[in-house]
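Okay, structure first, notes after.
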Amino acid sequence: MSLARLFHLGRAYANGVFAVRQEERMAYDGVYLVRFEGNDPAASLNFDEPGNNGIVVLLRGGVYGGDSGYSYIGTYAPEADCFTADVRVVNHNPNFQSVFGLVDTRVKLTMAPIQDGESAGTMTTADGAGPIFGVRLKILEVLA
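Our numbering applies: residue 878 is where the sequence shown begins, and numbers increase by one.
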């Protein structure tokens, strides 16, 4: 990238061109309970039932979290009518098997906007070749 282009991007950032994007990301910043469901994304999910739960932190465009068998790390971006996340899922406990049958993979999530502290969406492998599963987020704590 040329020095002139870097200067232009720096000026645009300073003038607030990218501020909306940062504010959109901040609207999602929080600690969430995540629940994974079978391959019926429309199925009703009950957060009070044990199993298939984890914790996810959305913070400044980053995704961090895990559960008893896997760690999650990646990025998320707000879109017009949803937000998407690209997440690397890594097995840290061999006694747990992924719904994807893989021990280290990337997944893509497409989630509805957060409303009343919850969001529902779908998850599949990043290349789109894997099965589609339902995912639901429930806010536990807002991070400011």
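Quick reminder that beta carbons are idealized off the backbone N, C-alpha and C, glycines included.
Predicted model only: the values in this text are computed from it and were never measured.
{"Check": "DSSP puts N968 in a beta bridge; with which residues?", "Outcome": "Y947"}
{"Check": "In whole angstroms, give me the CA-to-CA distance for A904 and I991.", "Outcome": "9 Å"}
{"Check": "Are the CB atoms of V984 and G998 within a distance shorter than 7 Å?", "Outcome": "no"}
{"Check": "Roughly how many whole angstroms lie between the Cα atoms of G951 and R937?", "Outcome": "11 Å"}
{"Check": "Let me confirm a value: L1014 is counted as buried when at least 16 other C-beta atoms fall within 10 Å, else exposed. Which label applies?", "Outcome": "buried"}
{"Check": "If you follow the beta strand (DSSP E) that L1020 is in, where does it begin and where does it stop?", "Outcome": "That residue, L1020, is in no beta strand (DSSP E); it is neither H nor E in DSSP."}
{"Check": "Could you name the residues that DSSP lists as bridge partners for G939?", "Outcome": "L936, T952"}
{"Check": "List the endpoints of the continuous beta strand (DSSP E) containing Y909.", "Outcome": "907-913"}
{"Check": "If I measure Cβ to Cβ from G943 and keep anything under 8 Å in the same chain, skipping five residues before and after, which residues do I get?", "Outcome": "G931, I932, Y949, H969"}
{"Check": "Using the Cα positions of R965 and E914, report the straight-line distance between them to the nearest angstrom.", "Outcome": "18 Å"}
{"Check": "Considering just the uninterrupted stretch of the beta strand (DSSP E) at D981, what are its terminal residues?", "Outcome": "981-988"}
{"Check": "Alpha carbon to alpha carbon, what distance is there between I1009 and P918?", "Outcome": "Only weak support is given to the placement of P918: the predicted model assigns it a pLDDT of 46, under 50, and the value that follows is read from those uncertain coordinates. Spanning the two alpha carbons is a distance of roughly 8 Å."}
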